[in-house]
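Keeping their order, the protein sequence lines are chains A and B.
Using the numbering used here, you'd call the opening residue of the first sequence number 12 and step up by one each time.
Using the numbering used here, you'd call the opening residue of the second sequence number 12 and step up by one each time.
Glycine is no exception: its CB is placed at the ideal position from the N, C-alpha and C atoms.
As the structure is a prediction and not an experimental result, all values here were calculated from the model.
2 protein chains.
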Amino acid sequence: MQFTSEQRLDDGVIEREFTLGDIPGILWMPAAASASAPVPLILLGPAPLGLRKMYPRLVARAQHSAAEGFATATIELPGSGNRPRWEAAEQARAELRRVMEAGEPVSDEIVDALVLPLVDKAVPEWQAALDALLSLPEIGGPVGYSGGVISIGVRLAVVEPRISAAVLFAGSFVPRAILEEARQVTIPLHVLLQWDDEGNDRQAALDLFDAFGSREKTLHANMGGHTGVPQFAGDEAARFFTRHLS
Amino acid sequence: MQFTSEQRLDDGVIEREFTLGDIPGILWMPAAASASAPVPLILLGPAPLGLRKMYPRLVARAQHSAAEGFATATIELPGSGNRPRWEAAEQARAELRRVMEAGEPVSDEIVDALVLPLVDKAVPEWQAALDALLSLPEIGGPVGYSGGVISIGVRLAVVEPRISAAVLFAGSFVPRAILEEARQVTIPLHVLLQWDDEGNDRQAALDLFDAFGSREKTLHANMGGHTGVPQFAGDEAARFFTRHLS
């Protein structure tokens, strides 16, 4: 893990860009964190749009989390942002666009091709990032995951024992295999669903929520479209992490 | 409205029993309320079990609300508690029991017979209680509704403009006519659903949530069975009222 830049934001949060091999990432530290007072960590789940396009939303969530005493970090997804183009992923996205523009149903095969290779490739990268982040003296634990491509969150919750709670955003396609994996998830979950998000298969999200094996799982459904998660819903998600990571 | 008893609870909350005609009720006032500092009011939705059986849960919610600066009040449902037996309601309940014990499906007709007469009779009583409560100098407004038999909450939200926000507990049978009325509801709603409540028709609850016309409506689904609403979910419902009634 190589740090490539560092700046102090208005509220004292330290933003540090890094690379992990050839993967770019960003780490945000609360001003008060130090080796003698290490803080819990929230992994800010990936954005297929790329970190640069997502930056305003990511930094807002990072600053909110820093105010609660949490470090946050994120890395670029394979094939996103400035990372090398990934032919298979581009083909899967193109096929999805074609089908949706034609008004055809999105088949299980298209969803599998779109999501499963991404999950297989991204999850080990996130685990490597976690290794590197937890080796920093000012980051302790526990670790939460908050994101993004929900299938990556599901797989991470199953395979990565260092993640002890997760906020998941329903609203992307979920392969059948991931729905099965969800039954093995046992950590506390807080699932956000935008009820009237037209790009979202609401029933698939409800089925996924039902499948999770966790004894504590909460679904918060709100109005406001895909990017319109209300402020109070963000605050509730933050309180979930405060309950489980503090 | 005749007050029949008054006692001060441990935390300073004043509990006053009253009758409104022949309807018994209870009012809880925060210690700090006075004619010069009137407080908002939450109507604690009715309990078919009767006020006495429900008392421990009701007083806990009332004390929680008082700590947030709200008065709370509740009245006995027609045919419940010490109120005169109501033959039609008893017959409808007996028929529901018979059908459920026989493992037969609960028909729309049974649900209508069980719920609609209760809503028709109870809602005007709650409006009369609201008249009386709002005439007390130490109660100002705004008014929230929190309950209970969800169909009563839906009807009240439609016909009673003095109610400006509602917390509704999904988990009782909902007649088709009430599902239609739900489309006319426009106040902010916070709906609690116990996801794994076996006595609850989850799909009916989701359909009802979908039907509400409100621009701000939130569904919080949690684990824990019918009476196992987690503490944090109760806290979130309380914050909903703090956002809308303070």
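- It is roughly 12 Å from the alpha-carbon of serine 16/B to the alpha-carbon of tryptophan 39/B.
- The Cβ atoms of valine 185/A and isoleucine 163/A do not sit closer than 8 Å to each other.
- Here the alpha carbons of methionine 234/A and glutamate 227/B stand approximately 6 Å from one another.
- Rounded to whole angstroms, the separation of the alpha carbons of alanine 100/A and glutamate 115/A is 20 Å.
- Three or more Cβ pairs drawn from the stretch 166–183 of chain A and the stretch 207–227 of chain A lie within less than 8 Å of each other, which places the two stretches in contact.
- In the three-state scheme derived from DSSP, where H, G and I count as helix and E and B as strand, valine 70/B is classed as helix.
- Contacts with chain A at 8 Å (Cβ-Cβ) do not include threonine 85/B.
- Counting along the chain, glutamine 18/A sits inside the beta strand (DSSP E) bounded by residues 13–19.
- Glutamate 28/B: not part of any alpha helix (DSSP H); member of the beta strand (DSSP E) spanning 25–31, first to last residue.
- The Cβ atoms of serine 175/B and valine 202/B do not sit closer than 8 Å to each other.
- Taking every protein chain shown into account, the CB of aspartate 131/A has fewer than 16 other CB atoms within 10 angstroms, so this residue is exposed.
- Measuring C-alpha to C-alpha distances from alanine 133/A to each of Arg173/A, Arg68/A and Ile34/A identifies Ile34/A as the nearest.
- Cβ contact annotation for glutamine 74/A (same chain, cutoff 8 Å, sequence separation greater than five): Leu20, Asp22, Val24 and Trp39, in chain order.
- In this structure asparagine 211/B is buried. Its beta-carbon is surrounded by 16 or more other beta-carbon atoms within 10 angstroms.
- With a threshold of 8 Å between beta carbons, phenylalanine 243/A makes contact with chain B.
- Chain A places no beta carbon closer than 8 Å to that of lysine 64/B, leaving this residue out of the contacts.
- Rounded to whole angstroms, the separation of the alpha carbons of threonine 229/B and isoleucine 53/B is 18 Å.
- Annotation: arginine 194/B has no Cβ neighbours in chain A at a cutoff of 9 Å; minimum Cβ distance is about 14 Å.
- Per DSSP, proline 95/A is not a residue of any alpha helix (DSSP H), being assigned neither H nor E.
- Collapsing the DSSP output to three states places threonine 197/A in coil.
- In terms of CA proximity to glutamine 195/A, Gly224/A leads the group Ser257/A, Gly224/A and Met12/A.
- Taking 8 Å as the CB threshold, glutamate 227/A lines the interface with chain B.
- When the Cα atoms are used, valine 50/B and glycine 152/B turn out to be separated by approximately 6 Å.
- Rounded to whole angstroms, the gap between the alpha carbons of glycine 32/A and glutamate 149/A is 22 Å.
- Within the model, the alpha-carbon separation for alanine 168/B versus alanine 140/B is close to 15 Å.
- Aspartate 123/B and proline 241/A have their C-alpha atoms spaced approximately 36 Å apart.
- Asparagine 211/A is outside the set of residues whose beta carbon lies under 8 Å from a beta carbon in chain B.
- If you ignore the 5 residues before and after leucine 190/A, its C-beta comes within less than 7 Å of the C-beta of Asp218, Leu219 and Ala222, all in its own chain and listed in chain order.
- Its chain contains Pro186 and Arg187 as the residues whose beta carbon lies nearer than 8 Å to that of aspartate 119/A, once the 5 sequence neighbours on both sides are disregarded; these appear in chain order.
- Contacts between glutamate 247/B and chain A, judged by CB atoms closer than 7 Å, involve Glu247 in chain order.
- The C-beta distance from alanine 232/B to serine 76/B rounds to 23 Å, too long to meet the 8 Å contact threshold.
- Residue state for serine 45/B is assigned as strand, using DSSP reduced to three classes.
- Note: valine 117/A is not bridge-paired with any residue in the DSSP secondary-structure output.
- Short of 7 Å from the beta carbon of alanine 44/B, and not among the five residues preceding or following it, lie these beta carbons of its own chain, in chain order: Val50, Ala82 and Glu149.
- Following the DSSP letters along the chain, one finds alanine 58/B in no alpha helix (DSSP H), marked with neither H nor E.
- Looking at the DSSP output, valine 154/A bridges to Leu52/A and Ile174/A.
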